[in-house]
Each structure stands twice: as structure tokens, then as C-alpha cells.
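Asker: Sharing a structure with you now.
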Amino acid sequence: ALSERLRVFEALRLKQDSSGRRTGGSRSPGHSLSVRLADSRTVKGTAGITTPLLIARNGAIVCRVNGQLWELERPLVEDCELHLLGFDTVEGRQVWIEIKSSVELLKCKIHFEIEIIFFGLLHRPTIVFCLVTFTLSGSVEATDVVRVIGVSFPGEKEREEWEREQEEARKRDHRRIGMDQELFFFNDVSPGSCFFLPKGAHIYNSLTEFIKGEYRNRGFSEVVTPTLYSTALWERSGHWEHYSENMFTVTCKPHTYALKPMNCPAHCLMYEQRLRSWRELPLRWADFGALHRNEHSGALGGLTRVRRFCQDDAHIFCTPQQLEDEITSCLEFVRTVYRVFGFSFHCLLSTRPTPYLGEAALWDDAEKQLEISLQQFGERWELNPGDGAFYGPKIDIQIRDALGRQHQCATIQLDFQLPIRFNLQYVSSDGEMCRPVMVHRAVLGSLERMIAILAENFGGKWPFWLSPAQVMVLPIGGDSEQYGQKVVQTLKEAGFMADLNDDHGATLNKKIRAAQLAQYNFIFVVGEKERVNGTVSVRSRGGKQLGQRSLDEVLTLLKDLKETRSNHNEF
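Just so we're aligned: 354 in my numbering is position 357 of the sequence shown, and the numbers increase by one with no gaps anywhere.
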């Protein structure tokens, strides 16, 4: 509809205007400016006229101006640092594939008698076509419509590189790893809900224990809340009006209930149970309760899109004066966790959208506080104007995995509306009734989705502390099998995942190879010599011989690997 197009245009215009203000675009056009390039050269230009395209070398697709993504044809407005990004960068490749590769099917002389949405034009001749099924307009009904996706490349070399990356991604597909390593499965009796087998549950619980340990160190308290609530709660929170179609409902006449898709309304109920004092704040409540969201069946896919999931979800209730410190603490929490996984990341500050709820001055102050926290944090961040939630600005954190793909998992979000809807208050130091600030935050996000990301990032070669296959014990002849059983039992009692291969029909080399293919972190070979000496012969997953070690020594070394959450697979 025309009204919707006008609304989108206005939102984009405001987003562009906001971006210009943030980058210093308030000065009048026409004055001279200096542009510092990545090679330390300085180029002169004119504000409002000079564009990165006029400066760009061949192969530039997009650029960064003072760290912010910038279109090549968009005029510069002030002195700046300019970094030109080509297809060899993640940003350049993403822009090329997502924008330049959108295909004008008529040019390819392909005719379909179906509804097609055009995103752009084909700009280069090197194209790969993919045919995929999809859900039309959110419908759950089966359809014969097939989506044609075209991906273009600057040249043959880039296409071949992309195909290698796609093949590697197929090898690392978490659904394949989950099946091969017996981690989890899905069944039509509960669509979109994962069945975690013992090894998968070990990964799930290890992640949960990791976060719970951080909670204890950072002043969070864990709470447990119901799964089923009357629709009266969701009407009060505003979710019923905006989100009811994504909620599972249960009718128990004359009442209607819904499975919770998020924890925040329940935490507001807990806050309002009694009068709160400023001395209690900040309150930091964490909740690992099961969440349910009614995703369309056509959108479900492995662990990345499910109906039943769990988040490392927490909410912070604090005074406005405490907000900056709480945001800084949340960002440090994120850095600590992602450093353990080896993820690089950057932050996005998503500001006031159109429309929004609340007063503009309140938004401006909150956005400024978030910006100060990001500047002090020291990691790369960029502005994402107009992309905040309607009830508050947020910081989204995007990680990059081993394949160079980006995933948005962690989020830190301010909420001005729920404290108002639930009339949350606290008594200030001067006896006044004041409104607390509410912060939604998650680090891993959905545990299910994070397990999928980690499985593909590590290619199924789990770090020891997460691994569902930590030690394989291989007895070789004589009385070593009984000793091997003792070793396995000792390892299990110490909290490690250990197994014994007592297949008498397999050679030692065959057993070792099988353990390596199963991605056991360590292989302990035990024979008569090891039995007599109370030792094990250790080799790593990669085949490196680590020598004979006493059982007490390996227990100490394995405990250290587990407690430090090291990604190294040797000692």
C-alpha cells in the first residue's frame, strides 16, 4: 500500500538524517575537508560534494567513514578517516551478494507466472543459481512456488572461493554433526522442539553451568517462573496486542492461557510483589525457563529456528544513575564469554525508531548513556539509526565464526514501557517514589542456537570443557581391559565424559582411528605396562603422542583444562 511505502520512506529518511547528525553533518556544505586513507595519505575534498566513490580504487564496494559503514556515492560531510572495502572483506562481500546479486529475472529470459518481489538488478555475469522451497507470505500451507536465488561475483576466482566456502559449511552443518555425534534429534510428534541425547545434554548443561558461574561472580540471582500464564498478564504487558499470533494458547474454560515466549512480564510481577527501596537496586534476576514461540512450520530449521528453546535471559532493575555502570558491566560480561569461545565481535547501537513510545528527551538521554558505555568499552561499534525497539534503544552484539559468518546472539536492551505498564516503583534516598529502569540482556541468546553456532564454528571438534567425547580408553591385551574399566570409572567419578572400546575384533590402529573420527579429545591406551605402573599412554585428537602419565597426573591436567575452559587440546 502507498501509506506503507511512505512510512518506510520516512523511517529511512529519519535514519539517514540521524546518521548525518551523529557524524557531524551539522556544518554547512561547501567547506573543504581532509580525508585520511588507510595508507596514511590525505586527500582534500569538499563537504557535501566529495564522495568515497571519487576517491575509491578499483574493486571498492562499500566503505567505512570514521568506523561507520558508508555508501560509496554518499557525500562526505567532515574531516574523516576513510577505509575502502572490497570483495575480500566481510562487509564488502555481504553488500555485494545481498544487493548487487539480486536478479532481474527478465534479463535471464526466465518467465514465471508467480508473484515475484524484485530487490535489484543483475550487475555482473558470474552467477550461481539455487532453487529452494519457501513459505509464501508466512503461509504454513504447502506451495509449489520455488524461489530462485542468484549470487553474483566479480570474477571466476571469487566464485570458486565461494563454492569452497559453501562446501565447508555443508560439512560443518550442525544438523549433520548432531546426527553423527548423537547429540540431538527432532521428531514430528513435537515439531520445532529438540530432543537432546546424553551427549547433547552434556553440551547444553556445560553452557548453562558456565553462565551460572558468571552470574554468581557478577551479582545475579537466579529465579524460577511458571511456563503458563493467563492472557490477562500478556494484555497488561502489551504482548497480547503485538505478539499473540506467535504464542501458543491453552483454553481451560472459561479462561485462556498462553505459554510464555519471554520472561520479562513474570519478572515484573516478581518486582511488584512488595515495595522496593533504592538500597536494593540494582536487582539482577536470571531465568533459564523454557520459552515457546509459534514459528511457522516452513520456517523451522535445525537448532537455529525452533519453537521450544531456552535463553540465558536476565533482567536488571536499576536507578537511572546506575544505568551506565550496569551497561558497562553487561558489555564486560559479553566480552568474557565470547573470549572463551574465541569469537571476535562488534556492537551495534540501535536508536529511536519511527514510531516509538515515550518522550524524545528520555530516548536521547538513554542513547547517550549507551554511546558513552560503548566508547569506554573499547571494542568496535557502529551506529544503527532507527533500528531500536519501539520501547527502548538497544545494543546488539554480532559475533564472527570460523567461516567468517556473522551471527547476532547477545543483546542489551533498555525498556521504558514495562516499568510504566506494571507501575514499578522504588523509594529513593529522599523518600520519593521513583520509576526504575529495566534492562533486558542475554549473552548466549538461545542456548539451542548457540549450540548450532558452536558446532559449526568448531566443526564438531569441541573444546575439552564442552566436549561430549572427552576421553576414549583403549585396552590392549592381557588384563588391561579390567584396568581400562577402572580408568574409565575413575574419570567418570571425577566428572569427565569417558568411554571404553573393548572390541576384541579391532586392531589398535583401527580403534585409534575410530576414536579420532568420533572427535574424542584424548585417547588413553592401556596395556600390561600401564596396568603395572598405574599409568596411561596419552595421545591427542590430532594424533600427537603426549607420553605416559600417571592417572593422578592426567586427572589434574584434565581438571585444569576443564576449569580454565581452554580451547587447547594438549597438555
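Backbone N, C-alpha and C fix where the C-beta goes; we use that ideal spot for every residue, glycine too.
(1) Return yes when the Cβ of L444 is within less than 8 Å of the Cβ of F306, no when it is not.
(2) Give me the DSSP bridge partner(s) of C431.
(3) Measuring alpha carbon to alpha carbon, tell me which of N243, E206, K154, Q373 ends up nearest V560.
(4) Exposed or buried, what is E164 when buried is set at 16 or more other beta-carbons lying within 10 Å of its beta-carbon?
(5) With a threshold of 16 other CB atoms inside 10 Å of the CB of E364, please say whether the residue is buried or exposed.
(6) If distances are taken between C-alpha atoms only, which option among E321, E70, D309 comes closest to M435?
(7) Between which residues of its own chain and K489 is the CB-CB distance below 7 Å, once the five residues before and five after are set aside?
(8) What are the start and end residues of each continuous alpha helix (DSSP H) run of 4 or more residues lying completely inside the stretch 32 to 108, in chain order?
(9) How should S477 be labelled, buried or exposed, when 16 other C-beta atoms within 10 angstroms of its C-beta is the threshold for buried?
(10) Does the stretch 277 to 289 come close enough to the stretch 209 to 229 that 3 or more CB-CB pairs lie under 8 Å?
(11) DSSP puts M469 in a beta bridge; with which residues?
(12) If you follow the alpha helix (DSSP H) that F475 is in, where does it begin and where does it stop?
(13) Taking only the alpha-carbon atoms, compute the straight-line gap between A255 and S464 and give it to the nearest angstrom.
(14) Just to confirm my understanding: we take G401, look at its own chain, exclude 5 residues before and 5 after, and list those with CB closer than 7 Å. What are they?
(15) Does DSSP put L552 in a helix, a strand or coil?
(16) Rounded to the nearest angstrom, how far is the Cβ of I473 from that of L497, given a contact under 8 Å?
(17) Between which residues of its own chain and P258 is the CB-CB distance below 7 Å, once the five residues before and five after are set aside?
(18) From which residue to which residue does the beta strand (DSSP E) around N381 run?
(19) Which value, in whole angstroms, describes the spacing of the CA atoms of G339 and P460?
(20) The alpha helix (DSSP H) that contains S326, what's its start and end?
(21) Once DSSP output is grouped into helix, strand and coil, what is the label at G21?
(22) On the CB-based measure, 16 or more other CB atoms within 10 Å of its CB, does K556 come out buried or exposed?
(23) Could you tell me how far apart the beta carbons of I394 and A407 are, in whole angstroms, since I believe they sit closer than 8 Å?
(24) Cα-Cα, which of G540, A35, E527, L421 is closest to L272?
(25) What's the call for D427, buried or exposed, on a 16-neighbour Cβ count within 10 Å?
(26) How about H80 and A44: do their beta carbons lie closer than 8 Å?
(27) Span of the alpha helix (DSSP H) holding R172?
(28) Tell me the rounded alpha-carbon separation between C431 and V424.
(29) DSSP beta-bridge partners for I409?
(30) Going by alpha carbons, who is nearest to A511 out of G540, E158, H404, T532?
(31) Here's a check: name, in chain order, each residue in its chain whose Cβ is nearer than 6 Å to the Cβ of V40, leaving out the five neighbours to either side.
(32) From E238 to L354, what does the alpha carbon distance come to, in whole angstroms?
(33) A283 lies in the beta strand (DSSP E); which residues open and close that run?
(34) In angstroms with no decimal places, state the Cα-to-Cα distance between N566 and A466.
(35) Let me check one thing: in DSSP terms, what residues is R536 bridge-paired to?
(36) Can you tell me which of the three DSSP states Y480 falls into?
Answerer: Once the coordinates are examined:
(1) yes
(2) Y423
(3) Before going on, a small fix: residue 560 reads as Glu here, not Val. The option with the nearest alpha carbon to E560 is E206.
(4) Per the 10 Å Cβ criterion, exposed.
(5) Around the Cβ of E364, a 10 Å sphere holds 16 or more other Cβ atoms; the residue is buried.
(6) E321
(7) A495
(8) 49 to 52, 87 to 92
(9) Classification of S477: buried, given that the 10 Å Cβ count is 16 or more.
(10) yes
(11) D496, I520
(12) The identity of residue 475 in the sequence shown is Gly, whereas the question assumes Phe. Here G475 belongs to no alpha helix (DSSP H), and DSSP marks it neither H nor E.
(13) 36 Å
(14) V87
(15) Helix, per DSSP.
(16) Not quite, the Cβ-Cβ distance comes to about 12 Å (not below 8 Å), so this is no contact.
(17) Cβ contact annotation for P258 (same chain, cutoff 7 Å, sequence separation greater than five): Y240, N243, M244, L288, H289, R290, in chain order.
(18) 378 to 381
(19) 11 Å
(20) 320 to 338
(21) Residue confidence for G21 is low, a pLDDT of 47 falling below 50, so the modelled location carries little weight; the figure read from the coordinates is stated next. Correct three-state label for G21: coil.
(22) exposed
(23) 4 Å
(24) L421
(25) exposed
(26) no
(27) 171 to 177
(28) Distance between the alpha carbons of C431 and V424 is about 6 Å.
(29) I392, R438
(30) G540
(31) V32, I52
(32) 15 Å
(33) 280 to 284
(34) 13 Å
(35) For R536, which the question treats as bridged, DSSP gives the partners I520, Q542.
(36) helix
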